[in-house]
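For the sequence shown, this note's numbering gives the first residue as 568, with consecutive numbering after it.
Glycine included, every Cβ here is placed at the ideal spot set by N, Cα and C.
In what follows, a single structure is set out as structure tokens and then discussed.
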Amino acid sequence: MDAQLLKQLKDLHKIAFGDSDLYIDFFFEKRFTRDNFFYKKIDGEIAGVVYARLMEFSITNSLHPKPSVLHLPFLTGIATHPNFRYKGIAKELIDQTIEEYGKRGYPLVLLSPFNEEFYKNLGFTTVTYVERVKIDYEMSDNLFAKLIDFSLLDIVKNIYDSVAKEHENHRVRTPEEFKNIWQAHSQDGGLGYLIYENETPKAYFFCEEQTITEYISPAKNLIFHIPEAANKTCLFLSNSGEAHIMAKPAKNFNLTDFNVFLYEKY
């Protein structure tokens, strides 16, 4: 990539998302691909950008009665430079992105909204919801947590796979994807914990200072018995509440035939 373009992208990333230089370098090394970003320049300056990543899903529904793999583009970042806001640039780029993915044969595009109404006005439909629950700690004699590090990621992945397979539609994560997720999370100060029951790892969660960003468990209540989770806010999937994942068809596709189940916010 042209060095000047990369510098402008990194500068806009820092302005728009407030990430550390360490994370931004990681993003452009590990998460960024030339085929999955779209930008607009005005007078030689990047006015806006959309980043996307292809994600793999195992799907079972009326269109796919037998489990099948489906790759879908997920919009992971949308930014407009402050000098060019309120000019419709984000809408223009999102429309361009969806049109391009439709041409490539993808049925729909997904994103996690910062503002549900904004994306509804762009034609997106909410497909999963979450509710925010404050964790009120209750002591347990047989549950405890250990900090996650790279040496434990295989255990974390095994838990994820085991829980995900209980659902018809779920995100598929490779070992490399788990490493990238953990590296991205930990570089900005995030922590993770394995939850053990009688010395057997049963669940895990990733957290920031006040928020549990990912909790994977065969039973919802385990996290309420972990002191490291006390008083944090956890996102639980629900039938209503706050929009979690939204989708928009990229070509002729009926969203009622597709209700994707995701375990992550990004």
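State the Cα-Cα distance for the pair residue i and residue j, rounded to the nearest angstrom.
i: S807; j: V700; result: 14 angstroms
i: D588; j: A614; result: 21 angstroms
i: K597; j: N747; result: 7 angstroms
i: N603; j: A619; result: 5 angstroms
i: A583; j: P680; result: 15 angstroms
i: A786; j: E795; result: 18 angstroms
i: I762; j: V723; result: 10 angstroms
i: Q777; j: S753; result: 15 angstroms
i: I790; j: A751; result: 23 angstroms
i: K670; j: V676; result: 12 angstroms
i: F803; j: S784; result: 11 angstroms
i: D586; j: E698; result: 26 angstroms
i: Y590; j: G757; result: 12 angstroms
i: I665; j: R601; result: 16 angstroms
i: F651; j: K818; result: 29 angstroms
i: F599; j: P674; result: 22 angstroms
Would the beta-carbon of residue i be found less than 8 angstroms away from any heavy atom of the ligand HEM?
i: Y760; result: Ligands in the displayed structure: none, and consequently the ligand HEM is not present.
Which same chain residues end up closer than 8 angstroms to residue i when comparing Cβ atoms and leaving out the 5 residues on each side of it in sequence?
i: I661; result: V617, L642, I645 and L689
i: E624; result: Reading off the sequence shown, one finds Phe at residue 624, where the question assumed Glu. Answer for F624: V636, L637, H638, L639, N736, H737, R738, V739 and V827, listed in chain order.
i: T849; result: Examination of residue 849 is not possible in this model, given that the chain is present from 568 through 833 alone.
i: F745; result: L720, V723, K724 and Y727
With respect to the alpha helix (DSSP H) encompassing residue i, which residues constitute its N-terminal and C-terminal limits?
i: K577; result: A570 to F584
Please work out which residues of its chain come closer than 6 angstroms, Cβ to Cβ, to residue i, disregarding the five sequence neighbours upstream and downstream, and give them in chain order.
i: H792; result: E705, S707 and L710
i: K608; result: none
When DSSP labels each residue in this structure, what does residue i get in the three-state scheme?
i: P816; result: strand
i: T600; result: coil
i: G690; result: coil
i: K799; result: coil
i: I790; result: helix
i: F605; result: strand
Any C-beta of chain B sitting closer than 9 angstroms to the C-beta of residue i?
i: T780; result: This model lacks chain B altogether; it includes just one protein chain.
Residues in its own chain within less than 7 angstroms of residue i by CB, not counting five upstream and five downstream?
i: K799; result: I702, C774, Q777, T778 and I779
i: A810; result: P680, E683, T693 and Y696
i: P742; result: K724
i: L576; result: I613 and V616
i: Y771; result: I715, V723, I726, G759, Y760, L761, I762 and I783
i: F593; result: Q750, A751 and Q754
i: K713; result: Y760, L761 and Y763
By the DSSP assignment, the beta strand (DSSP E) with residue i in it spans what residues?
i: L589; result: Looking at the DSSP string, L589 is not in any beta strand (DSSP E); the run it does join, the alpha helix (DSSP H), is D588 to F593.
i: K654; result: Looking at the DSSP string, K654 is not in any beta strand (DSSP E), and its letter there is neither H nor E.
i: R620; result: E612 to I626
i: F772; result: T767 to C774
i: P640; result: S635 to T647
i: Y763; result: L758 to E764
i: Y782; result: T778 to I783
Discussion item. Going residue by residue through the segment 692 to 753, where are the continuous alpha helix (DSSP H) segments of at least 4 residues, counting only ones entirely within it?
Written reply: 720 to 731
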